[in-house]
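In my numbering, the protein residues as written are 4 to 167.
Beta carbons: idealized from backbone N, C-alpha and C, even for Gly.
Single-structure report; data block below.
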């Protein structure tokens, strides 16, 4: 099994300017609403390719098609979303105290989802979420950058009209 924790190297640039721009935008407005309308909105779009790849990689039991007993396949439960981190999110080792938004792809926890992703003592792993992240990270970052560069100026203009 691949060591997915070591697949990514990050080089962060421009975040000081980005933070300054957001801080100026929120003056006089609720910061959580501004973040929700900008960063969270962009993040939701950015994680879509990861979700789509996870759906394509998720194992499907073709020998047992959908029926009354099995109305859905695991891949039908894969979802992508983003939000402002909660207090519980902030306690996670996967978030930083300075994170203003988190995006994630998840699958409904079931008797098959975790064993498929991580394996068991009797069954080898058939990961689909971690490979999807590894394969689509660059695309997700590009989408996030593009979405933020479109959403923030438009939202800033709307806020500026409200200030007047």
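Nearest to residue 127 by alpha-carbon distance, out of 118, 99, 64 and 135, is 118. Here residue 56 is buried: its Cβ has 16 or more other Cβ atoms, across all protein chains shown, within 10 Å.
If only uninterrupted beta strand (DSSP E) runs of at least 3 residues are considered, those enclosed by the segment 45-120 are 82-86 and 105-109. Ranked by how close their Cα comes to the Cα of residue 41, the residues 165, 163 and 158 have 158 in first place. Annotation: residue 145 to residue 19 spans about 19 Å, alpha carbon to alpha carbon. In the DSSP assignment, residue 148 falls within the alpha helix (DSSP H) that extends over 132-166. Pairing residue 82 with residue 130, the inter-Cα distance amounts to about 16 Å. The segment 42-49 makes no contact with the segment 93-100: fewer than 3 CB pairs, one atom from each, lie closer than 8 Å.
Within 10 angstroms of the beta-carbon of residue 106 lie 16 or more other beta-carbons, which makes it buried.
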